[in-house]
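**Student:** Residue numbers (the working numbering): 272 to 439.
Just so you know, even glycine gets a beta-carbon here, dropped at the ideal spot from N, CA and C.
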Amino acid sequence: MLFTKKSLTEDRFTGFRLLDELDPMRIPQGPGVFAILRPADFEPSFLSKSTAGTFKKKDPNLKREDRESEWIPDASVLYIGKASAGSQGNRGLRKQLQEFMDYGRGRPTVVWDARLIWQLRDALDLIVAWKELPASEVNAAEAAYHADFVAAFGRLPFANLVQARSKK
272 MLFTKKSLTE
282 DRFTGFRLLD
292 ELDPMRIPQG
302 PGVFAILRPA
312 DFEPSFLSKS
322 TAGTFKKKDP
332 NLKREDRESE
342 WIPDASVLYI
352 GKASAGSQGN
362 RGLRKQLQEF
372 MDYGRGRPTV
382 VWDARLIWQL
392 RDALDLIVAW
402 KELPASEVNA
412 AEAAYHADFV
422 AAFGRLPFAN
432 LVQARSKK
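1) Pick from Gln367, Arg392 and Ile398: whose alpha carbon is nearest that of Asp384?
2) How big is the Cα-Cα spacing for Gln300 and Glu370?
3) Can you tell which of Ala400, Ala418 and Ala430 has the C-alpha that lies nearest to the C-alpha of Lys277?
4) Closest to Asp373 by C-alpha separation, out of Glu408, Leu432, Asp291 and Tyr350, would be which residue?
5) For Ala406 versus Tyr350, is the C-beta spacing smaller than 8 Å?
6) Near Phe313, which residues of its chain fall below 8 Å by C-beta distance, leaving aside the five closest residues on each side in sequence?
7) In angstroms, rounded to a whole number, what distance separates the CA positions of Phe274 and Phe317?
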């Protein structure tokens with residue numbers, strides 16, 4: 272996979288909404304995977320202090336040299352995440368993406384892995400796309416997308432700090 276808007280569309284990703292214009296009611300409620308992409312003309316400018324909230328009293332900020340070393344100039348995809356159904360079956364893409372946005376607005380949530388997105392000055396200019404999947408396929412799909420990205424670029428997307436593994 273090339274990890275472009277075109278290749279994601281061919282792989283049945285939909286949405287492709289600017290974060291700044293994201294309407295939670297237009298996001299599917301079911302489980303799936305999602306990707307955060309940068310527009311073609313997006314150039315990174317990093318904030319010294321993230322807009323993200325804290326999680327378990329941990330500072331979400333990475334040092335300048337650490338966040339800049341994570342940037343992949345040729346990659347359109349900056350983050351690949353999942354949205355499981357949850358233990359009660361009431362989670363999914365809508366809830367996960369609402370929490371992702373809340374986290375970027377400074378509220379504490381559990382979306383810790385994506386914290387580098389919120390150290391980008393123009394994070395709200397980024398694009399989110401999603402792909403609904405049966406709950407039983409979500410973990411394996413996220414792990415496969417991570418592995419494919421690493422195969423294509425030699426490392427994880429910019430804001431993925433931990434590689435997903437398929438859970439048995």
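**Tutor:** In short, the structure shows the following:
1) Checked all of Gln367, Arg392 and Ile398; the closest Cα to Asp384 is Gln367.
2) 13 Å
3) Ala400
4) Relative to Asp373, the option among Glu408, Leu432, Asp291 and Tyr350 whose CA is nearest is Asp291.
5) no
6) Asp393, Asp396 and Leu397
7) About 23 Å.
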